[in-house]
Amino acid sequence: MTTSKNTSNGGKLKKNIHTYKFSDEEVEECEKFELIGEDPVVLQNANEAENDKDTLPCRILEDFIIFDANKKNQVVSLDEIDIERRELHAAGIVKPMFVGPDDDDDDDDDDDDGENESCQKRIPDQRFRTTTIFYYQIEYSQNGQSEIWLRTQYGFYKLRKAAQEYIQYFMPVFKRIRTANLAIEAIARDPEVTYEKFIEMIQDSSSLSSSSSYISDSITIQLTEKDIINNHEYIVDEIETWIDEQEAFGAVGCPLIARLSELKRKKGSKKPKLVHSGDTSTVKTKRNINPSLAVRNPTCVTPFIHDLTKGLFARRLVTVKHTNDEVTQAENLQKENSLVNEVVVKPVTHNVEWYGNIIAHDNNISYYRSAKVDDDIISVGDVVYVRNDESDIPWFAKVMYMYDDPKEGKMFHSRFFSHGRDTILDELAGERELFLLDNCEDNNLDTIMGKVNVKRLEREERENFSSDDTSFYFYRFWYNETYASFEDVYSHEDPTKEFLYCGDNELCYSCENKFAAKEKEKGPKLISQDENRQECFEYKGVEYHLNDFVYIIPDKKDDPYTIGQIIEILNKSGSMSLTSVGGAMALTSVGGTKVIVMLRLLGRYDDLIKETISINPSASHRDVITVSKTIKDCRRLFFTRETIKECADRLEGVCWVDHKNNISDLDAYKDENDTYYMDLIASKRSSKLEETCLFDVNDISKCQICEERRRKYQSLSIEFYDYIKMNNQKLRAMDIFSGCGGITVGMDQTGVIDTKWAIEFDSSAAMTFEKNNPSAVVYNQCANLLLERAIAEHGRQEKLNDLKDFLGRKVPSMPAPGDVDFIYCGPPCQGFSGVNRYQKADDIKNSLVATSLSYVDFYKPQYFLLENVRGMLCFRLGGEQDGVKIKGGIKMGVIKFILRSLTAMGYQTRFGVQQAGHHGVPQSRRRLFIWGAKQRLYLPDFPQPSTCFAKQGSISILLPNGSSFSYNKRANGHAPLPAVSVCDAINDLPEFEFVNPHLTYPATAEDKNEKRPFKQVIVPERGWAGDMVTKYESGPLSEYQRQCRKDSEFLHNHVTRAFNQLTVERIIRIPMFPGADHSNLPEKLKPWCLSDPNSAASRHNGWKGLFGRLDFNGHFLTALTDINPMGKTGTVIHPNQRRIITVRECARAQGFPDKFVFLSDRDDVKDMHRQIGNAVPPPLAFSLGRELVRSLLNTYKDQNNKGNKDKEATDHVMYEVWVDLSEK
């Protein structure tokens, strides 16, 4: 933009005139213009008289400027559109309008780490210039966002972020629209709102949900009363029109309207120039604020959670009080943070002497129970504070034992505590809370400065403080410094613990754990024989016996484990130490022996039938890729006559293998972890199927010890599930922000969870949840509003007015505290996602984490699970907006806030990142999970990978102190089962293809005579292509398909979305080989935006992967919320059929069972895609749920005094063995 000075006669300066200068990289709008990531519209005829947002492209225009082509491109206000002989155009950066209410705020991060890199990275900026603007349209949206749209001949453009030099022109327009929108929003929420209250609201940007998206990020907009006065007539006219349109006649008597109308009468004829009120040919307004739905409610939190936020959330949080004890709880928290650490720091200890008699004597060392240090009597079990050489802040430590050493002097052994600020909680930690550590050492008694009053809080005991004891501290959790987790301290100083390594006079829990860890690190250890135990060896906590089937680490990275059977155990020299031949056995060498095992190898049945899919990189779209319909089974093995010797440290656990004829229910058997079957034998693993023969059932040898343990475990499991069923003891669960119910599907499959309530804002997702969970109560309403009503009804005992959900139905009562045992939730994550380019400090979706925790505070469930994107790990809480980024704030602030809230409420907690591809899902999707469990319960762990996944990406978490961790203990990408491929997931589904419309290339004789092996379907202009309900055409062809097809008689949602004919023709003409994309299209079909040298894509390698064909042997790319060949994840064309993948195939990519039916309140296939893309993959949820089952089983054993009797039955069961491989 250039500037010139305009002068009147006499040379007097009048004003600056700005003109717009075209950019070299700028593209002018035309009918054929296409945009990367844009959803192809069905109709694209710019001459249609009734074109609207359903028939023309809808795009975003950023960094925009409006100029008049008839005045030499002079920059003008949008209001000048009504002046005669004006021809207004807009220029800026054009972007696609993505599916969903949050535009391009997709909920996933870049999960594929370089695979299809150019397709996954951000869409490049394309400078753009529109044709003549016909009119602009104002939309007052339901979510409070006032929007401005431009209409041209070829599309609609939503304005977002004015160019810096255009702000002065746009500000008056924006303020006028903004104040009117805020006024309508305020009246919709509260018909009794006053003028004075409204002024307070507009000055507090967080009090209303509307927020600007039109002014530059670097400019902070502050509305004042002057803006109301300057635009009062426009505001009144808009309010009156809104009342008529929405029939909101109950708002007529609103005090705010009365005051604004009074201003209008007083001002009389002083009507601002060029202010539009009501629709004209150039200005149109849509007032989409429904008074019955108002707007998205402000974040609602309990007093306790509110106090923990410490003002770190940019949005205002509405506190809803319930019972008196909760208010007291919040006051106690405030008192905690106001206390000052008043322990007396003493530079020197003057006197130390023993107090009492010697209690034991060993190796010239005398042990005492107490000592006098200056004026304090210090006894074993007391907590003291000791000098810290590195800081003025003392260390807190528990005295484990005291002794007098002739060389060292008067000593004590201390187990340390950590101050909260030295844990991951850091800035958010409470001043008075300490955390027990596995960190101990010997110290001289003269390092003690004094005794401190430290109390261990019991399970239901809340934080409480005595005002006359300023040295009071408390603890309730043990802190794992490696994993930044918090566990119930009781299990880490259990008085009933049996010590195996510490001497009787030197008992220390921390030392015991260190000794045990060192013992594990020594490597495989032979175990001697006794009358009850067969000879075996132990490694990493797992016992290995003769005839055990074991996992062997393969040589190639990301391969599944090799499986073998131990037939001999040898010492380092190779001579036989143990053998199963000849009856009784004896150990020949124990100390210092390096354990070698002789293994008989088993092969995987799928390798016998493996067929290479013929791929021709020069294939055309006419070719056919043929895929075998042979049934695969990753749980089927075969014996071989191959044997190898391996060091025992190459083993990674045991599994259970049985002959097929010994298994009564094969499907149930395969549903267990780490179970395999076999019935064939071959000479070697590389054999072919025809080279095998049947293996006699009597020839299989099994370890009798492990078989008995397996039997005991199965018996205990049956007893446990019977107990749950007979006593109605399933955990009653609530799914908040449920979406369509991905977590619920996986959790309910565990058999111990019953999801009875779900809360979901989106109507289509709520309908889907309700369809698939008919016994659950589904609340299609705002979670904040529902929490407020629950507290009012059950906390304050108020009678509630009826409330309608977004489908027009009466909202039932919320459950009462005590009804909910388990809460899991996935708060909307766009604000945290790496895909979201515009992170906002005040995004309401960020503060919904506080809402979720408030549900926990109110309902106090036994367990809690939160899911979100990995981006939450690095979101800075309490930061300030700095352009499109957030500066300042607390590093990992949201994580710290969640952990602080959970621990403050008495919950143990741990967090970790899980890769869905590790848990049987044919797709890369990494997600963050945070567990919470009440004290005295077992805190669930995270599952180990069950399937390999080569493109796993990083699942490590980097802590603020620079250390990192991951819960994955499997080495080098190995796992028991191979990765699930696209072919494994979908090759059993009915086959069909699109019919070529031949819009661009007329049908040739060859086209007309072509005979395709698949059903041909004409793609309609609206709706979908395919069958919403159909029958299967074959049985399941893989183990993954067997799991998906359980209890499903018919196939649902096997449909694709509709496209315009040009897009259909492009899809059909993609060549028939994996990885083929738009670059392989004929010239006339290549999208301009992807091929023209002037396009933005030309600077990004042509945006490889759009209109991409999937690979049967690969995996699906991360499922975003839109299946679009021009979208961010454009590789969505079926591997061997001329169409995009269907809704059901997307569901298979996520692991949804086939019986799960997707619905839309608008019969919109894109709604279904969005539900699937937003969901947690059910197999991943199921894996997490199985960890909860193990925790519940341990609790069941404790309650029934079964801990000792059944310990062996559960500690070494075959399909739970990976737990023994985990380092606690």
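Mapped onto full-length UniProt numbering, the consecutive letters of the sequence shown carry residue numbers 1 to 1224.
Beta carbons are placed, not taken as given, at the ideal position from N, Cα and C, and that holds for glycine.
- Message: Within 10 Å of its beta-carbon, does residue 30 have 16 or more other beta-carbons around it, so buried, or fewer, so exposed?
- Response: As a first step, residue 30 is located in the sequence shown; it is residue number 30 there, counting from the start. Per the 10 Å Cβ criterion, exposed.
- Message: Measuring only the C-alpha atoms, how far is residue 997 from residue 1007?
- Response: Locating residue 997 in the sequence shown gives position 997, where the first residue counts as 1. Locating residue 1007 in the sequence shown gives position 1007, where the first residue counts as 1. One C-alpha to the other measures close to 11 angstroms.
- Query: Just reading off the alpha helix (DSSP H) that residue 748 is part of, what are its end residues?
  - Reply: As a first step, residue 748 is located in the sequence shown; it is residue number 748 there, counting from the start. Looking at the DSSP string, the run of the alpha helix (DSSP H) that includes residue 748 is 742–748.
- Query: Residues in its own chain within less than 7 angstroms of residue 250 by CB, not counting five upstream and five downstream?
  - Reply: Counted from its first residue, the sequence shown places residue 250 at position 250. Around residue 250, the same chain offers 191 as residues with beta carbons nearer than 7 angstroms, after the five sequence neighbours per side are excluded.
- residue 368 and residue 378: beta carbons closer than 8 angstroms? Taking the first residue of the sequence shown as position 1, residue 368 is located at position 368. Taking the first residue of the sequence shown as position 1, residue 378 is located at position 378. Between residue 368 and residue 378, the C-beta spacing is not below 8 angstroms.
- Going by the CB atoms, is the gap between residue 453 and residue 410 shorter than 8 angstroms? Numbered from 1 along the sequence shown, position 410 holds the residue referred to as residue 410. Numbered from 1 along the sequence shown, position 453 holds the residue referred to as residue 453. Against a cut-off of 8 angstroms, the Cβ pair of residue 453 and residue 410 comes out as no contact.
- Query: Between which two residues does the alpha helix (DSSP H) containing residue 203 stretch?
  - Reply: Here residue 203 is taken as the residue at index 203 of the sequence shown, counted from 1. In the DSSP assignment, residue 203 falls within the unbroken alpha helix (DSSP H) covering 195–203.
- Message: DSSP three-state label for residue 20, please.
- Response: On the sequence shown, residue 20 is found 20 positions in, with the first residue counted as 1. Residue 20: coil per DSSP, three-state reduction.
- Query: Is the distance from the Cβ of residue 128 to the Cβ of residue 93 below 8 angstroms?
  - Reply: Taking the first residue of the sequence shown as position 1, residue 128 is located at position 128. Taking the first residue of the sequence shown as position 1, residue 93 is located at position 93. Against a cut-off of 8 angstroms, the Cβ pair of residue 93 and residue 128 comes out as a contact.
- Query: Is the beta carbon of residue 136 less than 8 angstroms from the beta carbon of residue 149?
  - Reply: For the purposes of this step, residue 136 is taken as the residue at position 136 of the sequence shown. For the purposes of this step, residue 149 is taken as the residue at position 149 of the sequence shown. Going by C-beta atoms, residue 136 is nearer than 8 angstroms to residue 149.
- Query: Identify the residues that DSSP records as bridge partners of residue 88: which are they?
  - Reply: By 1-based counting over the sequence shown, the position of residue 88 is 88. Residue pairing by DSSP places residue 88 opposite 68 in a beta bridge.
- Message: Quick check on DSSP: helix, strand or coil for residue 689?
- Response: Working through the sequence shown from its first residue, we reach residue 689 at position 689. Look at residue 689 here: in three-state DSSP terms it is helix.
- Message: Short of 7 angstroms in beta carbon distance, which residues of its chain neighbour residue 20, apart from the five on each side in sequence? Order them along the chain.
- Response: Translated into positions along the sequence shown, residue 20 becomes position 20. Within the same chain, residue 20 has close Cβ partners 1, 65, 67, 73, 75, 91.
- Message: If you reduce the DSSP assignment to three classes, tell me which class residue 581 lands in.
- Response: To locate residue 581, count along the sequence shown from 1; it is residue 581. In this predicted model, residue 581 has a pLDDT of only 32, less than 50, meaning its place in the structure is not dependable; the value taken from the coordinates is given anyway. The DSSP-derived three-state label of residue 581 is coil.
- Cα separation between residue 939 and residue 932? Taking the first residue of the sequence shown as position 1, residue 939 is located at position 939. Taking the first residue of the sequence shown as position 1, residue 932 is located at position 932. As the crow flies, the alpha-carbon of residue 939 is around 7 angstroms from that of residue 932.
- Task: Please confirm if the region 1001–1016 is in contact with the region 965–982, defined as three or more CB-CB distances below 8 angstroms between the two stretches.
- Result: No, the region 1001–1016 does not touch the region 965–982.
- Query: Does the region 761–772 touch the region 792–799, meaning 3 or more C-beta pairs lie closer than 8 angstroms?
  - Reply: Not touching, per the Cβ criterion.
- Message: Pop quiz: residue 951 and residue 906 are said to be a contact at Cβ under 8 angstroms. What is the actual Cβ separation, rounded to whole angstroms?
- Response: Here residue 951 refers to the residue found at position 951 of the sequence shown. Here residue 906 refers to the residue found at position 906 of the sequence shown. Between residue 906 and residue 951 the Cβ distance is about 40 angstroms, and since that is not below 8 angstroms, they are no contact.
- Item | Continuous beta strand (DSSP E) assignments of at least 3 residues falling wholly in the region 401–427 | Fully enclosed beta strand (DSSP E) runs of no fewer than 3 residues occupy 409–419 of the region 401–427, in order along the chain.
- Query: Does the Cβ of residue 292 have 16 or more other Cβ atoms within 10 Å, making it buried, or fewer, making it exposed?
  - Reply: As a working mapping, residue 292 is identified with position 292 in the sequence shown. Any reading at residue 292 needs caution, since the residue's pLDDT is 47, under 50, leaving its predicted position unreliable; the model's value is listed next. Per the 10 Å Cβ criterion, exposed.
- Cβ-based burial, residue 476 [other Cβ within 10 Å; buried from 16]: Against the sequence shown, residue 476 aligns to sequence position 476. Buried, since its Cβ has 16 or more Cβ neighbours within 10 Å.
- Straight-line gap, residue 749 to residue 1186 (C-alpha atoms, nearest Å): Position 749 of the sequence shown, counting from 1, holds the residue named residue 749. Position 1186 of the sequence shown, counting from 1, holds the residue named residue 1186. So the two alpha carbons sit approximately 9 angstroms from each other.
- Between the Cα of residue 224 and those of 199, 233, 240, 242, spot the shortest distance and give me the residue it belongs to. One-based indexing of the sequence shown puts residue 224 at position 224. Taking only the C-alpha atoms, the option nearest residue 224 is 199.
- Query: Just reading off the beta strand (DSSP E) that residue 1025 is part of, what are its end residues?
  - Reply: The residue you call residue 1025 lines up with position 1025 of the sequence shown. That run of the beta strand (DSSP E) goes 1024–1030.
- Query: With 16 other CB atoms within 10 Å as the buried threshold, where does residue 45 fall?
  - Reply: Within the sequence shown, the letter at position 45 stands for residue 45. With a pLDDT of 45 at residue 45, under the threshold of 50, the predicted position of this residue should be treated as unreliable, though the coordinate-derived value follows. Residue 45 comes out exposed.
- Task: Measure the CB-CB distance between residue 786 and residue 779 and report whether it falls below 8 angstroms.
- Result: Within the sequence shown, residue 786 is the residue found at index 786, counting from 1. Within the sequence shown, residue 779 is the residue found at index 779, counting from 1. Yes.
- Task: Provide the residue span of the alpha helix (DSSP H) that contains residue 442, from first to last.
- Result: Along the sequence shown, read from residue 1 onward, the residue named residue 442 stands at position 442. For residue 442, no alpha helix (DSSP H) encloses it; the enclosing beta strand (DSSP E) starts and ends at 433–444.
- Task: Tell me whether residue 1110 sits in a helix, a strand or coil according to DSSP, three-state version.
- Result: Working through the sequence shown from its first residue, we reach residue 1110 at position 1110. In the structure shown, residue 1110 adopts coil according to DSSP, grouped into three states.
- Mind checking residue 16: buried by the 16 CB within 10 Å criterion, or exposed? Locating residue 16 in the sequence shown gives position 16, counting from the first residue. Label assigned to residue 16: exposed.
- For residue 964, write down the residues that DSSP places opposite it in a beta bridge. Counted from its first residue, the sequence shown places residue 964 at position 964. 958.
- Alpha carbon to alpha carbon, what distance is there between residue 1113 and residue 613? Looking up residue 613 in the sequence shown gives position 613. Looking up residue 1113 in the sequence shown gives position 1113. Rounded to the nearest angstrom, the two C-alpha atoms are 8 angstroms apart.
- Message: For residue 520, count the other beta carbons within 10 Å of its own beta carbon; 16 or more makes it buried, fewer makes it exposed. Which is it?
- Response: As a working mapping, residue 520 is identified with position 520 in the sequence shown. By the Cβ neighbour-count rule, residue 520 is exposed, with fewer than 16 other Cβ atoms within 10 Å of its own.
- Message: Which of the three DSSP states is assigned to residue 1189 in this structure?
- Response: For the purposes of this step, residue 1189 is identified with residue 1189 of the sequence shown, where counting begins at 1. Three-state result, residue 1189: helix.
- Run the CB neighbour count on residue 791, radius 10 Å, all protein chains shown included, and call it buried at 16 or more, exposed below. Counting from 1 along the sequence shown, the entry for residue 791 is found at position 791. Buried, because 16 or more other Cβ atoms sit within 10 Å of the Cβ of residue 791.
- Message: Need the endpoints of the beta strand (DSSP E) that residue 752 sits in, please.
- Response: For this step, residue 752 is matched to residue 752 along the sequence shown. Note, residue 752: premise wrong, no beta strand (DSSP E); not H, not E.
- Given residue 260, which residues of its chain have a CB within under 8 angstroms of its CB, disregarding the five upstream and five downstream residues? What you label residue 260 is simply residue 260 of the sequence shown in a count that begins at 1. Only 183, 195, 228, 232, 235, 236, 239 meet the Cβ criterion.
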